[in-house]
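Everything below concerns the one structure shown next.
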Amino acid sequence: MASNLKLSQTIRHAMLNQITSTVGGSGLWRIYAGSQPAGPDTTNSATVLAELVCGSTFAPAASSNTLTLNAITQDSSANNTGTAAWWRISSSGSAATAAGHIDGTCGTSDADLILNSTAITAGAVVQISSATFTAGNA
Amino acid sequence: MIRSHNGPQAAQYDGAMDQPPQVITGTLNVNLTDAQLFDLAVGLGIDVDALIAAHGGLDEEPE
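So the protein sequences, as listed, match chains A and B.
In this text, residue positions in the first sequence follow my numbering: the first is 1283, and each later residue adds one.
In this text, residue positions in the second sequence follow my numbering: the first is 7, and each later residue adds one.
As structure tokens, this is what we get:
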């Protein structure tokens, strides 16, 4: 029979809150050009286009099956010019090439992180205005 | 009476004003299924079995 895994809201919240604990304070949210690696456990040599800083607390406790990140500090001057393809959230102090915690795609539609443009120019302001992780089949 | 302006002339626009910086804005709204959340938790190194046990176990499938 096909999987029909169902978690209680308590477990969903615990898992979502564990993201906050694992990333820690002032995590780094980098946007890269090039191919997305297999996963956040792998290192990478991609070009960093922008580097934003998550809140001193990543997010308040999950509520209604949703983890809503605290305000993210913008990158007021993008590192390089290129096409944003994927992103990685890592702990504070992590090198851009190091493994991280969460990876996702970038795009103007049908992507995890929706940008108004994926064409980033060095010196541009790059900001993430809101970010949520929702436990979808609640 | 017509008055003439004898002060310094205003600076001429030379067409080379700085462009405002490009602004890229993003939003993330990830919708995780329980299975994806489970995988994410494993990827984060969470002891999922212990976590589930500590919170009362998985929902039972109805007979």
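In this text, a Cβ means the ideal position worked out from N, Cα and C, and glycines have one as well.
Note that the coordinates shown come from a computational prediction; the quantities given were computed from them, not determined experimentally.
Residue j beta carbon less than 8 Å from that of residue i
i                       : j                       : result
residue 1311 of chain A : residue 1402 of chain A : no
residue 33 of chain B   : residue 1410 of chain A : yes
residue 1364 of chain A : residue 1390 of chain A : no
residue 1324 of chain A : residue 1381 of chain A : yes
residue 1344 of chain A : residue 1295 of chain A : yes
residue 50 of chain B   : residue 1293 of chain A : no
residue 1309 of chain A : residue 1373 of chain A : yes
residue 1341 of chain A : residue 1355 of chain A : no
Residue i at chain A interface by Cβ criterion, 8 Å
i                     : result
residue 50 of chain B : yes
residue 56 of chain B : no
residue 24 of chain B : no
residue 59 of chain B : no
Three-state secondary structure (DSSP) of residue i
i                       : result
residue 1507 of chain A : In the structure displayed, chain A extends from 1283 to 1420; residue 1507 of chain A sits before or after that span and is not available.
residue 1415 of chain A : strand
residue 1387 of chain A : strand
residue 1328 of chain A : coil
residue 1366 of chain A : coil
residue 69 of chain B   : Low confidence applies to residue 69 of chain B: its pLDDT is 44, below 50, so where it sits in the model is not reliable enough to give any reading.
residue 1292 of chain A : helix
residue 1378 of chain A : coil
residue 32 of chain B   : strand
residue 1357 of chain A : strand
residue 52 of chain B   : coil
residue 1401 of chain A : strand
Closer than 7 Å: residue i CB and nearest the ligand SAM heavy atom
i                       : result
residue 1339 of chain A : The model depicted lacks the ligand SAM and carries no ligand whatsoever.
8 Å Cβ cutoff, residue i in contact with chain B
i                       : result
residue 1392 of chain A : no
residue 1318 of chain A : no
residue 1353 of chain A : no
residue 1290 of chain A : yes
residue 1294 of chain A : yes
residue 1413 of chain A : yes
residue 1322 of chain A : yes
residue 1299 of chain A : no
residue 1361 of chain A : no
residue 1441 of chain A : Residue coverage of chain A in this structure runs from 1283 to 1420, which leaves residue 1441 of chain A outside it and unanswerable.
residue 1326 of chain A : no
Candidates the options, of which the one nearest residue i by Cα
i                       : options                        : result
residue 1331 of chain A : A/1305, A/1414, A/1415, A/1359 : A/1359
residue 1318 of chain A : A/1388, A/1334, A/1307         : A/1388
residue 1375 of chain A : A/1290, A/1307, A/1285         : A/1307
residue 41 of chain B   : A/1334, A/1309, A/1297, A/1304 : A/1297
Beta carbon proximity, residue i to chain C, threshold 8 Å
i                       : result
residue 1408 of chain A : Included in the structure are the protein chains A and B, with no chain C among them.
Do three or more CB pairs link the segment 1391-1410 of chain A to the segment 1361-1376 of chain A at distances below 8 Å? Taking 8 Å as the limit for Cβ pairs, the verdict is that the segment 1361-1376 of chain A does touch the segment 1391-1410 of chain A.
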